[in-house]
Each structure stands twice: as structure tokens, then as C-alpha cells.
Amino acid sequence: MQNKIFDAVNCVRSFGHGKKFMTAVDDITFDIKDGEIVSLVGGSGCGKSVLAKMMLGLYKPTSGTFLYRGKPITDHKAHWREVQSVFQDPFSCFNQFFTIRSQLKAAFGIYKEKPSDKEMEERVDRALLAVNVKPSEVEGKYPFELSGGQMQRMLLARIFVLRPQVLIADEPTSMVDACVRANILDYLMKLKHELSMTIVFITHDIGLAYYVSDRLFIMHKGKIVEQGPPEEVTTSPKSEHTVQLLEDIPDVNREWIKRA
Amino acid sequence: MSVIFEVENLSLHYLTRFGNKIHAVNDVSFTMEQGEILGIAGESGCGKSTLVNGLMGLFIPPLHPTSGDVRVGGESLMNRSPKDIRQNVLSRKVSMIPQGAFNALNPVRKVKDIAADVMAAHMKGMDRKHIYERLKERFDLFGMETDKVLNSYPIQLTAGERQRSVIGISTLLNPQMVIADEPTSALDVTTQKVVIKLIFELLEKKIFSTMIFITHELPLLRHVADNIAIMYAGQIVEKGTAEQVVFDPRHPYTKALMGAMLSADAEQKTRKPTAIEGAPPNLAKPISGCRFAERCPSVKPECKNREQVIRIVGERQVRCEYAE
Amino acid sequence: MKLFKNLLKSPMFVFGASLFSLVLFAAFVVPFFYDISQVTRVGNPYDAPSGKYLLGLDHLGRDYVVLLLRGLRSSLYVGLLAGVIATVLGTLIGLIAGFKGGLIDDVLSALTNLFVVIPQLVLLILISTSIGESGRSLTLIAVIIGLTGWTWSARSVRAQSSAIKSKDHISLARLNGDGGIRILLVHILPYLFSYVFMVFIILISAGILSESAISMIGLGPVDTQSLGTILNDAKNNGALTDGYWYAFLPATGIIISIALSLYLINTSMDGVFNPRMRK
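Okay, here's the thing in C-alpha cells:
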């Protein structure tokens, strides 16, 4: 039997009180197994980002249990040695006062004992090559000197540097061009196949999720309304929300909205 | 059908502090007829957003026109002061729905005041009361609770009302031409569909009729636009009807763009999307030859030296001498 | 460097910086050519300006040029010291309050507000009076000004720091294992540098004005001259009523020049730095 990476039972997360009370994650039960790519798909405000933050240990459940490898998340640093994240907006993710390279190296800060300087440099070089960037291309460069696509690759390079066991990818493709998107997905697949990483991919585009995932979780208003293998979910969707998400994609081969 | 918008060999550049020119838009020409929707697509940095400013005649340093002409209803927008453009062109003749517009309303003013400011800026001497009446008439057309919406602050509106208000305000003065610059790029797919539906609804109600829609999502343009122009490194590389460009692309770049697109269709899963390797050329440096040569899968040795011009291939314009 | 080039395009900055350079020139270069080491009687009280003593003599018959130059140097010293103390204190309190949030923020903000409510001048007068004549040195005055003048910088830095706190690069730094102090110093403070620098400039100017104000009402340093004590002497010795303009106009002019030049430098920097900040 495969190990469970995340295991949530009747998990609830709410914010605020009184008039401002809202439940972002509402009684969710699921598990994610070792080596899977699971996509959380839903529109804005469906609770997928809050769930992602729970996986990173940044939020604790209000009620219910949320376990990582069978235990609740207590020590953040220990957790982040194994679970890392790629964020949505690559431009705001780096400190503009330091070179890209030094910031990729700074990722080693999460380790209890840093490898030797030589090994760190080598691992950064290898990580850059893994995302098809020659180390010389970013040598001495600052974040604002790179394009959006390049920056998103740098975030992925950081993951290649750290090689965590689990990656939470929070809408890594929503701020980049359609043509860079295919690239990002390739690298996610590479992380899975070469480093056998478990990946949680968060997106509002079911089309993207379909390409990379082993399983899809469709979320709506804090609940998982449907889950299953991508073929099954996309070809015979059971929830109206899944149908909605599928219909909303402007696919070239399908009727979308008719102009009067 | 009459031509209402003409762009003739438009080139634009940015002047950097060190006196260098960055040629962001190069030799762009097209015409649009009354009622046409033209989609412009390309990667970020291809000059789409720069072109928008040029199309409105709004040149705020460091952006300067290099050459060419833009005409709305026969009237040229070139060589006019930003003040003149703001008073006499924007909102009345050409109006823009900017990027991220749906959260762009001033949060501390009521919708009616935001809208009235726009009208007042263009209709000198019209009193506030008269303006409010005009506003009410117009907002009634949008199928909203007009009184409630006009007297609300943007934050009190639902997302849908806010979108209607933004588009409503942009089109208050019946512009001949609406330019939508990536209006849906920051939205999720569901909201995107809602916004497009709204735009179609307004088209049907004849609130505006001619539109340029800018995006990097080619599949979206297939549903929105009549004609599509593909931009690369400041130039239009292919222009044809939406069907032609999406289903039968001829320029190597358009083909590559379509190849990078994803689809949720089960039949499409076997077709693996392929990204375009490399990056567009640096526009601060002079470029000889075809701009796409560096990344082109069917590049020929002479491509790097030979500047490409628009020619007609299969009833559409293509900027590649080898396209068939 | 690019920023500096942009600054040079602003006429406000060029004028302010030139004026301030002139002030610095007077304070630090002129003394090489004009002996200011001795403050002694050289003529009769309130002798009018002459070829030898360009700005005349004071009520004790001392050369005003010597007094003004010495006073200028004292004032700059007070301004700088008070500015440094107020900036460091305010930045530190603002950074921590904005970054930590919660109870710490509440306590620090309450403290800041408390100091905001009490007018600085009243506090200065009270402290200066209680110290008494004997202990009122220039440095002590500067320290008091610094310790009472940090509220403004604390409030503005707090706002900026709490805005930057929620940026993605801070989350990423946490995932890199960075601790709170490192995040504050490496990932937040650099984003505020231009801001803190502008605050610093204004606080120098405020320090100089505060010192002049309390010195003028007779609560200034007793160990040396400052621009404020010159005015105080002039006020106490009938210069105003008797129309000895050279007793107060030059000192006032210098104070205004310093404050104006620093204000212009600050305002012009605001225009160049802030467009990025506001984004």
C-alpha cells in the first residue's frame, strides 16, 4: 500500500467572526498518496489556496484533522525541508536587491546543515540547466532584468535546487503567457519523473490540470465536489460545477458563446 | 460597411534615458470596418500594450511615434498633444477597457461620481443633474438596478455589477472604437466567460460596435474576434479571419503558438503541447532579417539577413516569404 | 545611479542640493580661511557691519561671522545627531510593529500615538528646564530632540513594513528557513531604504528647527553657540527694538536656508523614489 502524504478528515478552516465569518475550507476529507500529481481545480474563492496554505503548514484546521505523513504539522522548518511551494506571481517572489543566483542559493537555508559552498554552486548550476537556462544567462542578473517566463522558471529552478519530496504549485501558470505554460507543465512532469516528487497543482483551468494530473479534485465553495482520474472527470463529469468549469474554457474546437 | 479605423505603417519607439531607442512597434498596418472585432494576440513583450497607446494617439514620454498614421473616421490622431487627445479623442472616439480594469474603480467615490467625472471631462458646461439623467438612461440599458448601482461605492457592488459598471463607463460617450487590453487575463475561466458574455450583450444592444481585443489566449479570440492579427517582436506577422488563423495558420510563429496551446478535449490529449524555445529578440538593438529566425523551426540560412514583408498567402497577410 | 540621474533632472533637487552644499561649504570650508577659534571681544557692542567685520558685532562686541559659523556647525551637529537617533529609533519601532503585528504592534503603536499626542516642543521645554543650566550641553539637547522626535518616522515605516510583510518574497524567505530578524533586515528594510533616507533628511531639518526654537527661548545649550542662542542673545539684548538687523536676520536666513534646502531635497526625492513604492 502506498504511503499517504496528506490525509485530511472532516477538515474545516474558517476565518473571522460575527458578520465577517466565512468558511474557506468546509468539511473536506481526502488523501494524497506518495508520487501522485493531484490538481485542485476551482474558480476564485473556492478555497483551493487556503487548502494549499494548510498543506504548507501556514494555516491550521479550525476543526477536523489534517495530517502530513500521519502526523499533524508542528515544526515548520522541518516541514518545509520536505514540502515546498511555487507561487503564482514570479515577479513578486524574489527580493529585488539581490541577484537571482544568490537567492537560489539562499534556499539552502532551510537545511539544518548547509552543504559545502562548492556543492551548493553545483546544485544551483544543475537546477538552472534542468529548466533550460544556461547559468551564464542569469549570472549577476537581478529579478527585474528577467522576463515573466524566465522568472517563473527560476521559481521552478529553486525546487530543482531543494528537491523536496512534495511540491505545492499554487497557480504557477496563471501569470504567464499561454506559450510559456506548456513549458511550465513540462518541468512539473520532469520533477515527478526524475525526482519522483508528489505534486499538488492548483489551478482554475481544468484543461491544464487534465494534462498533468493523476487525479483531479474539483472544488467549489470550500468543498471538494468531485474527484477522480482526469479522463473520467472530464469526459463524464458528475458535478454541475465540473461541467461549468469545462464549459467555461474557450476551446477552439467547441462552441463557447455565440455572438448575436 | 465603411472603414472607420485606419492604421498605416505605424512605428513607435521608447526613448531611454541614455538616448537609446527601443523600437517596440514596427510597421503595423491594418484597417477596420464598422462593426468589426479584431483580435490581437502575441506573447508578453511583443508590443501589444505599446500599440494600444499608439492606437489612441496617446504619446506620453518615453513613448514616441517614429512614423506612420492612425485615423479614426478619417481624422488623424498623430502629432497631437496628450491634452488634446484626452479632451477630444479618448472616451468619445476611442475608448479603452484597460488591463485589470474590474478592480480599478476609485474605491472612495460613488459609481455615479466616477462616471460623471468622465462625462464632465468631455462635455464642458453640462450640469451635474443633466449628467446624472444621462447616466441613468444608459445604465438602465445594462439590465442593472440602476439607482442602487449608481449610488453605491465600488466595493458594495457584486463582481458582475462592477464589470458592467466599468464597461458602461468606458462606453458612456458612444466611442466609435473600443480597445480592450487583456480585460480577462487576470480572471478565472468562469469570470472570463461572464465578461465576454457581457461584451457580446452590449454589442447586441448597439452600445458599441467596433472593438480591438488584445490577449495572449488565441483560443479565446477564436470565439470573440472576426479577424485576428498575430504580433511578434513589434510586427504583425499574420493577419486573417479568426478561422484562418486558428485552424490553418501559415506563419511559422502562428503555427508554433497554436502548438503550445492546451485543450481539455479528450481527443486532444494525445497531442502534446510544445513550448516555443528561446526568447524574442532584443528590440533595443537593430535587427536585420526576419525577427522570428532565431526560434523558427523551418528557418533557412538567408532568413537571418532578409527583412520580411507582408505578402498575401491563402487570402490572408503573412510576413514570411516561405509561407505557403 | 539611474535614480541619481533622474534627480538631477529635477530643478527642485538641483536648487535644494546647491543651497545645502553652500551651507556645508560655509560650515566646513570657510573656517580654513577665516579664524573662528576665538570668540573674543573685538569692538563695541552692536558695531555696524564694516569691511573688516562683514556682519557687524554682537552685544558683547564679538564678530558675528565667527558666531554664525560656529553656530551653524553646532546646529548641523545637533540636526545630524538628533536625526540619526530619531531615524534609527523610529525605523526600528516601525519595522517591528508593522512586521510582528498583533499585541506587539498594539503596544508599540499605542506608545507612538502617546508621543504624537504630546507636542514635542512642550516635552523639550519641560526636559530642558528640569535639567537646569549646568547640564545642558549641545549633545544632550540633540539626544533629547532625537528621543522625542521619532514618532513620525515610526508611523510611516510601520505602514510600509506591514504592507511589505504580506508580499510573496517574504513567504518565500520563510520557506527558505529565514528567521524573523533576517527577514526584517534583508527582505524588508532594503525596500524601505529610500523611504527611510527621506525621513532622515526631514528629521535632520526638524532637529535643527527644534534646537533653534528651544535655544531662542533661552533653553539652549550653555557650552557653545548655536544659531538659536544667537537669536536668543539678540532678543535679550534689545537688537529687535533697536533695529540691529544684522543681529537676527543672518541667523534666521541660515536656519531658513537649511530647512528649505533639506525640504526641497526630500520633496524631489519623493517624486523620483515613490512611483515604484506606490506600485
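Protein chains in written order, with the numbering used here: chain A, 56 to 315; chain B, 740 to 1063; chain C, 6 to 284.
Note that the Cβ used here is the ideal one computed from N, Cα and C, for glycine as well.
{"Query": "Quick check on the burial criterion: 16 or more other C-beta atoms within 10 angstroms. Buried or exposed for residue 1040 (chain B)?", "Result": "exposed"}
{"Query": "Counting only Cβ pairs nearer than 9 Å, list the residues of chain C close to residue 162 (chain A).", "Result": "177, 180, 181, 182"}
{"Query": "Is the stretch 179-196 of chain C touching the stretch 171-179 of chain A, taking contact as three or more C-beta pairs under 8 Å?", "Result": "no"}
{"Query": "Out of curiosity, what's the CA-to-CA distance linking residue 254 (chain A) and residue 953 (chain B)?", "Result": "33 Å"}
{"Query": "Going along the stretch 286-303 of chain A in order, which residues come within less than 9 Å of chain B, judged by CB to CB distance?", "Result": "286, 289, 290, 299, 300, 301, 302, 303"}
{"Query": "Throw me the rounded Cβ distance for the residue 151 (chain C) and residue 87 (chain C) pair, which I believe falls under 8 Å.", "Result": "4 Å"}
{"Query": "Suppose contacts are defined by Cβ-Cβ distances below 8 Å. Is residue 972 (chain B) in contact with residue 759 (chain B) by that definition?", "Result": "no"}
{"Query": "Going along the stretch 950-962 of chain B in order, which residues come within less than 8 Å of chain A, judged by CB to CB distance?", "Result": "955, 956, 957, 958, 959, 961, 962"}
{"Query": "Could you check where the beta strand (DSSP E) with residue 234 (chain A) kicks off and where it finishes?", "Result": "Unbroken run through residue 234 (chain A) is the alpha helix (DSSP H), 233-250; no beta strand (DSSP E)."}
{"Query": "Which residues, in chain order, does the stretch 146-173 of chain C contribute to contact with chain A at a C-beta distance below 7 Å?", "Result": "172, 173"}
{"Query": "Secondary structure at residue 79 (chain A), three-state DSSP: helix, strand or coil?", "Result": "strand"}
{"Query": "I'd like the list of long-range same chain contacts for residue 870 (chain B), defined as Cβ closer than 7 Å, with 5 residues on each side in sequence excluded.", "Result": "855, 858, 859"}
{"Query": "Can you tell me which of the three DSSP states residue 172 (chain A) falls into?", "Result": "helix"}
{"Query": "Taking any Cβ of chain A, which residues in the stretch 193-215 of chain C have a Cβ under 7 Å from it, in chain order?", "Result": "195"}
{"Query": "Please classify residue 923 (chain B) as buried or exposed, where buried requires at least 16 other C-beta atoms within 10 Å of its C-beta.", "Result": "buried"}
{"Query": "Let's see if you can read the secondary structure: which residues bound the alpha helix (DSSP H) around residue 156 (chain C)?", "Result": "156-170"}
{"Query": "Confirm the yes/no value for this check: CB of residue 267 (chain C), any heavy atom of the ligand GDP, distance under 7 Å.", "Result": "Absence of the ligand GDP from the depicted structure is noted, as is the absence of any ligand whatsoever, leaving it without description."}
{"Query": "Thinking just about the alpha-carbon of each residue, which of B:803, B:824, B:1018 is nearest to the one in residue 749 (chain B)?", "Result": "B:803"}
{"Query": "With a cut-off of 8 Å on the beta carbons, I'd call residue 117 (chain A) and residue 68 (chain A) a contact; round off their distance for me.", "Result": "5 Å"}
{"Query": "Suppose only complete runs of 3+ residues qualify. What are the beta strand (DSSP E) ranges in the stretch 963-1017 of chain B, listed by chain order?", "Result": "966-971, 974-980"}
{"Query": "Give the C-beta separation of residue 909 (chain B) and residue 795 (chain B) to the nearest angstrom, bearing in mind that I take them to be a contact with Cβ-Cβ under 8 Å.", "Result": "About 12 Å; that fails the 8 Å criterion."}
{"Query": "Can you tell me which of the three DSSP states residue 11 (chain C) falls into?", "Result": "helix"}
{"Query": "Please report whether the beta-carbon of residue 307 (chain A) lies at a distance below 8 Å from any beta-carbon of chain D.", "Result": "Chain labels in this structure do not include chain D; the protein chains are A, B and C."}
{"Query": "Under 8 Å between the Cβ atoms of residue 229 (chain C) and residue 143 (chain C)?", "Result": "yes"}
{"Query": "When you check each C-beta in the stretch 146-158 of chain A against every C-beta of chain C, which residues fall closer than 7 Å?", "Result": "147, 148, 149, 150, 152"}
{"Query": "Span of the alpha helix (DSSP H) holding residue 769 (chain B)?", "Result": "Unbroken run through residue 769 (chain B) is the beta strand (DSSP E), 760-772; no alpha helix (DSSP H)."}
{"Query": "Can you check which of these residues, A:64, A:232, A:225, A:214, is closest to residue 252 (chain A) by C-alpha distance?", "Result": "A:214"}
{"Query": "Could you name the residues of the same chain whose beta carbon sits closer than 7 Å to that of residue 91 (chain A), not counting the 5 residues immediately before and after it, in chain order?", "Result": "253, 269, 270"}
{"Query": "Is residue 949 (chain B) helix, strand or coil by DSSP?", "Result": "coil"}
{"Query": "Is the CB-CB distance between residue 135 (chain A) and residue 182 (chain C) below 8 Å?", "Result": "yes"}
{"Query": "Measure from the C-beta of residue 906 (chain B) to each C-beta in chain A and report whether the shortest distance is under 8 Å.", "Result": "no"}
{"Query": "If we ignore side chains and look at the alpha-carbon of each, how far apart do residue 164 (chain A) and residue 158 (chain A) end up?", "Result": "10 Å"}
{"Query": "Can you name the residues of chain B whose CB is closer than 7 Å to the CB of residue 259 (chain A)?", "Result": "927, 928"}
{"Query": "In chain order, which beta strand (DSSP E) runs of at least 3 residues are fully inside the stretch 89-116 of chain A?", "Result": "92-96"}
{"Query": "Anything in chain A within Cβ reach of residue 881 (chain B), meaning under 7 Å, just list it in chain order.", "Result": "Correct list: empty, because the minimum Cβ distance to chain A is about 16 Å."}
{"Query": "Based on the DSSP secondary-structure assignment, which residues constitute the bridge partners of residue 285 (chain C)?", "Result": "Limits of chain C in this structure are 6 at one end and 284 at the other, which puts residue 285 (chain C) out of reach."}
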